[in-house]
Amino acid sequence: MSAKLERLSQTLRDVFGDSLKSLLVDRAELTIEVAAGDYLRIARTLRDHPDLHFEQLIDVSGVDYSTFGNGAWEGARFASVAHLTSIRHNWRLRLRVFAEDESFPVVDSVADVWASANWYERESFDLYGILYAGHPDLRRILTDYGFVGHPFRKDFPISGYVEMRYDPEQGRVVYQPVTIEPRENTPRIVREENYGDVGHG
1460 MSAKLERLSQ TLRDVFGDSL KSLLVDRAEL TIEVAAGDYL RIARTLRDHP
1510 DLHFEQLIDV SGVDYSTFGN GAWEGARFAS VAHLTSIRHN WRLRLRVFAE
1560 DESFPVVDSV ADVWASANWY ERESFDLYGI LYAGHPDLRR ILTDYGFVGH
1610 PFRKDFPISG YVEMRYDPEQ GRVVYQPVTI EPRENTPRIV REENYGDVGH
1660 G
């Protein structure tokens, strides 16, 4: 581990103590995990503490761990992961929080801490169904307003349930059941009959 990462790791331990559920350095990247109840408080401290000063939020992503490790994952299913940068100290941090309830995943919004979180949290809500408590305008950002479900949960047919088209007679967009026949998406591999035989040219 580099001296800079060691210094940041120790500072995080000193500032947060037992509030850190985990602190992991892997591939020269530092990730901390915090409980949902501590998330907002820790986010503010990460921004405001002079020894940390993570003044910039680069990204927030939703993560679904249901198939992580080929389905061997035993922890909570949905997490929100924020990527932070301190320009003052020239270091980066990944901040992860798991939603406690898989059927209704909720974590606090950090949009009041870092304004750039606004759009990223909307994207995470839209694609994963993670709700951000306190978000000023939590609504879909990528999918159609009438879409039911959350695409990255992968819990609906690939072709969806409905399709939309413009109907010139009605002068508006209409929804109707999907008319596309489902098809197998497994690629066919075609090889010569004796492919791989010893002595075959």
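Here the sequence shown is numbered in the working numbering, starting from 1460 and rising by one per residue. Note that CB positions come from ideal geometry on N, CA and C, so glycine has one too.
Inter-residue Cα distance where the pair is residue i and residue j
| i | j | result |
| --- | --- | --- |
| Y1625 | R1631 | 6 angstroms |
| W1550 | P1636 | 50 angstroms |
| A1574 | P1564 | 22 angstroms |
| K1463 | T1470 | 11 angstroms |
| M1460 | Y1620 | 50 angstroms |
| L1479 | S1468 | 11 angstroms |
| A1661 | W1532 | Outside the displayed range of the chain (1460 to 1660) lies residue 1661, so it cannot be described from this structure. |
| D1485 | E1628 | 59 angstroms |
| D1507 | R1581 | 24 angstroms |
| D1596 | V1569 | 13 angstroms |
| R1503 | F1611 | 29 angstroms |
| E1465 | D1477 | 18 angstroms |
| F1527 | E1652 | 38 angstroms |
Expected contact under 8 angstroms - CB spacing of residue i and residue j to nearest Å
| i | j | result |
| --- | --- | --- |
| I1589 | G1521 | 5 angstroms |
| Y1634 | G1593 | At roughly 33 angstroms, the Cβ-Cβ gap does not stay under 8 angstroms, so Y1634 and G1593 are not in contact. |
| I1517 | H1542 | 4 angstroms |
| L1499 | V1474 | Actually they do not touch by this definition, with Cβ atoms about 16 angstroms apart. |
| V1556 | A1495 | 6 angstroms |
| L1489 | R1553 | 7 angstroms |
| V1607 | Y1591 | About 20 angstroms; that fails the 8 angstroms criterion. |
| Y1587 | H1609 | 6 angstroms |
| M1638 | E1622 | According to the sequence as given, residue 1638 is Thr; it is not Met. With 8 angstroms as the limit, T1638 and E1622 qualify as a contact, their Cβ atoms being about 7 angstroms apart. |
Best match in the options for proximity to residue i [C-alpha to C-alpha]
| i | options | result |
| --- | --- | --- |
| E1514 | D1571, S1583, F1611 and V1621 | D1571 |
| K1613 | T1638, D1523 and S1481 | D1523 |
| S1481 | R1472, W1532 and E1492 | E1492 |
| S1539 | P1509, D1585, E1488 and V1607 | D1585 |
| D1560 | G1534, V1484 and R1472 | G1534 |
| P1509 | N1529, H1609 and I1546 | I1546 |
| T1544 | R1598, E1622 and V1519 | V1519 |
| S1525 | D1507, R1503, S1562 and T1504 | S1562 |
| H1548 | G1476, S1568 and L1505 | L1505 |
Cβ-based burial, residue i [other Cβ within 10 Å; buried from 16]
| i | result |
| --- | --- |
| S1583 | buried |
| N1529 | exposed |
| A1576 | buried |
| L1483 | exposed |
| R1598 | exposed |
| R1472 | exposed |
| task | Taking only runs that begin and end inside the region 1460-1495, name each unbroken beta strand (DSSP E) of 3 or more residues, in chain order. | result | 1479-1485 and 1488-1493
| message | Ignoring anything shorter than 4 residues, give me the alpha helix (DSSP H) runs that lie fully in the region 1556-1625, in order along the chain. | response | 1576-1587
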